[in-house]
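K.L.:
Residue 139 in the numbering used here is what sits at position 139 of the sequence shown, and the numbering runs on without skipping anything.
One structure follows; several queries about it will come next.
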Amino acid sequence: MRRGYIIIAAVITMLICAGCSFGELEYDMNLGYDLNKVKSKDITFNVYHVNPEDHSWERIASFPCTPEPGHYNDVKIEGEKGKIKAVLSDNTYTESDDGNSAAYDGVVVSSFEYDVDGFKGDFPGWKSFAVRDEEGEQMVRLYPISNSGSVSFLEDISLDKPYDLEETGGETLDNILITIVMK
């Protein structure tokens with residue numbers, strides 16, 4: 001009987017610890033993620049596109065980043081005619097001494113350009129995913145590359161299986177997926 005209580009107590013403790021240690025990272029639209037708060041210090045953002053032949057995800061860029069106190073990191077996609085640009089930025093927020101004003105500042109740490117034939121440069125939208133403080137690769141944001149005003153997003157996305165096999169509707173030229181890897 002005593003052994004049963006010990007096992008139950010151990011399971012409850014593990015569940016409590018797991019819930020505390022894998023919280024969702026807060027995202028700030030102006031700054032990105034404060035990666036100083038994560039347990040991992042080996043952090044990389046990856047950028048994938050969909051191979052048009054087999055619809056599998058292919059990595060086209062990687063952006064390692066080193067968290068610094070007071071700094072936030074993010075990878076965003078910018079569109080231009082015939083191409084997209086993935087940009088890793090290091091962002092800061094500074095409040096004035098009197099508290100009446102504040103300034104946002106960002107520095108491009110690294111970038112990568114990728115050609116997309118026929119793309120006019122405007123995104124119909126994007127989908128963001130919850131990022132948790134846990135090891136492994138997680139999805140951050142999905143951008144459909146399309147000249148159409150509306151594109152539907154598939155809910156079931158995995159790097160291990162094909163994507164965009166006629167199910168997304170609209171005229172999709174490509175899809176760009178940003179992930180984060182924490183080790």
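By construction, the Cβ of each residue, glycine as well, lies at the ideal position given by its N, Cα and C atoms.
Predicted model, so just to flag it, every value in this text is computed and none were measured.
May I have the straight-line CA-CA distance separating I100 from D54, to the nearest angstrom?
P.N.:
Note on identity: in this sequence residue 100 is Asn, with Ile being the wrong assignment. Spanning the two alpha carbons is a distance of roughly 54 Å.
K.L.:
For the stretch 55-142, which segments carrying the beta strand (DSSP E) assignment without a break, of at least 3 residues, lie completely within its bounds, in sequence order?
P.N.:
57-65, 71-80, 83-95, 102-115
K.L.:
What is the residue span of the beta strand (DSSP E) that Y48 lies within?
P.N.:
Counting along the chain, the beta strand (DSSP E) containing Y48 begins and ends at 43-50.
K.L.:
Measuring alpha carbon to alpha carbon, tell me which of E113, Y27, V151 ends up nearest K83.
P.N.:
E113
K.L.:
Could you spell out where the beta strand (DSSP E) holding N175 opens and where it closes?
P.N.:
172-182
K.L.:
Would V116 pass as a contact of L173 if the rule is Cβ separation under 9 Å?
P.N.:
yes
K.L.:
Spell out whether any CB of chain D is found under 9 Å from the CB atom of N147.
P.N.:
As a matter of chain content, chain D is missing from the structure shown, which is built from one protein chain.
K.L.:
For T44, which residues in the same chain have their Cβ closer than 6 Å to its Cβ, ignoring the five residues on either side in sequence?
P.N.:
S62, P64, V181
K.L.:
Please report the straight-line C-alpha distance between V109 and L88, rounded to a whole angstrom.
P.N.:
So the alpha carbons of these two residues sit roughly 6 Å apart.
K.L.:
Tell me the rounded alpha-carbon separation between G136 and K183.
P.N.:
6 Å
K.L.:
For the candidate residues E134, P162, T94, Y48, whose alpha-carbon lies nearest to that of L25?
P.N.:
E134
K.L.:
Roughly how many whole angstroms lie between the Cα atoms of Y104 and L31?
P.N.:
8 Å
K.L.:
Between N46 and E58, what straight-line distance do the alpha-carbon atoms span, to the nearest angstrom?
P.N.:
One C-alpha to the other measures close to 10 Å.
K.L.:
So, for S21: in the same chain, excluding its five sequence neighbours on each side, which residues have a beta-carbon less than 6 Å away from its beta-carbon?
P.N.:
Residue confidence is low: S21 scores 45 on pLDDT, short of 50, so the model does not pin down where it sits. Its coordinate-derived value is still stated next. Once the five neighbours on either side are set aside, S21 has no close Cβ partner at all.
K.L.:
List the residues that DSSP assigns as beta-bridge partners of P144.
P.N.:
N175
K.L.:
Output the distance between the C-alpha atoms of V75 and D98, rounded to the nearest integer angstrom.
P.N.:
32 Å
K.L.:
Please confirm whether Y143 and I77 have their CB atoms less than 9 Å apart.
P.N.:
yes
K.L.:
Are the Cβ atoms of I145 and I178 separated by less than 9 Å?
P.N.:
no
K.L.:
Considering only their Cβ atoms, is the gap separating G70 from G121 smaller than 9 Å?
P.N.:
Cβ distance not < 9 Å, so G121 and G70 don't count as in contact.
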